[in-house]
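Heads up, the sequence shown is in the numbering used here, so the first residue is 10 and it goes up one at a time.
The C-beta atom is built at its ideal place from N, Cα and C for all residues, glycine as well.
From a predicted model like this one, the values you see are computed outputs, not experimental measurements.
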Amino acid sequence: MLSCSSKLSTGAFANTRKPMQSRPRRVVTRAEEEAAKVDFKSLEGMRKFSEQYARRTGTYFCVDKSVTSVVIKGLAEHRDELGAPLCPCRHYDDKAAEAKQGFWNCPCVPMRERKECHCMLFLTEDNDFRGEDQSITIEEVIESTKGMSGVQQT
10 MLSCSSKLST
20 GAFANTRKPM
30 QSRPRRVVTR
40 AEEEAAKVDF
50 KSLEGMRKFS
60 EQYARRTGTY
70 FCVDKSVTSV
80 VIKGLAEHRD
90 ELGAPLCPCR
100 HYDDKAAEAK
110 QGFWNCPCVP
120 MRERKECHCM
130 LFLTEDNDFR
140 GEDQSITIEE
150 VIESTKGMSG
160 VQQT
């Protein structure tokens, strides 16, 4: 007596099952890999800028320093890639055009005019996510972004 499964594999339904299709794998080229790396100097430069700007404007970093680190890393990446620290927390159809236009370059216009930082990099005293710090070490930035593509230590 044949079981139900053996009837399916030998009878009329034998080859009707489609093999599982996997997603096509994206191949990252060496050029893309190199372009994604953030130079340590750029990372340090954006870290220093962020500290100085926070002190100058009376704003603070997020209580979760990994938020601050990821934003600083994104700004450094855009500065290397586009020549300007374009806000890394927004979607752009054309990053180069946006960087050239300048509205979303850090500090962006909403931050300069109203102290509204979409990225949560610069938080005002009344923000529930505000920490007590206006400084972050390069070690904190690197440690928090470890495993993310783009951070290159030298």
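C-alpha gap between residue i and residue j, whole angstroms
i: A108; j: P119; result: 15 angstroms
i: E149; j: M157; result: 14 angstroms
i: R99; j: V47; result: 19 angstroms
i: A93; j: G111; result: 8 angstroms
i: L91; j: V79; result: 18 angstroms
i: K82; j: N114; result: 14 angstroms
i: R139; j: K124; result: 13 angstroms
i: M55; j: L84; result: 7 angstroms
i: R121; j: R64; result: 14 angstroms
i: S51; j: R88; result: 8 angstroms
i: E42; j: D103; result: In this predicted model, E42 has a pLDDT of only 47, less than 50, meaning its place in the structure is not dependable enough to derive any value.
i: K74; j: Y101; result: 25 angstroms
i: N136; j: F58; result: 21 angstroms
i: L132; j: C96; result: 15 angstroms
i: M129; j: V72; result: 10 angstroms
i: E86; j: F49; result: 10 angstroms
i: G67; j: A106; result: 31 angstroms
i: I147; j: E53; result: 6 angstroms
Pick from the options that is closest to residue i, judged by C-alpha positions
i: I145; options: G67, K50 and T77; result: T77
i: C117; options: K50, G54 and Y62; result: Y62
Simplified DSSP state of residue i, which is helix, strand or coil
i: I147; result: helix
i: Y101; result: coil
i: V72; result: coil
i: L132; result: strand
Cβ distance (whole Å) where residue i is taken to contact residue j below 8 angstroms
i: E141; j: Y69; result: 7 angstroms
Any non-hydrogen atom of the ligand PLP closer than 6 angstroms to residue i Cβ
i: F131; result: The ligand PLP is not among the ligands present in this structure, which contains no ligands whatsoever.
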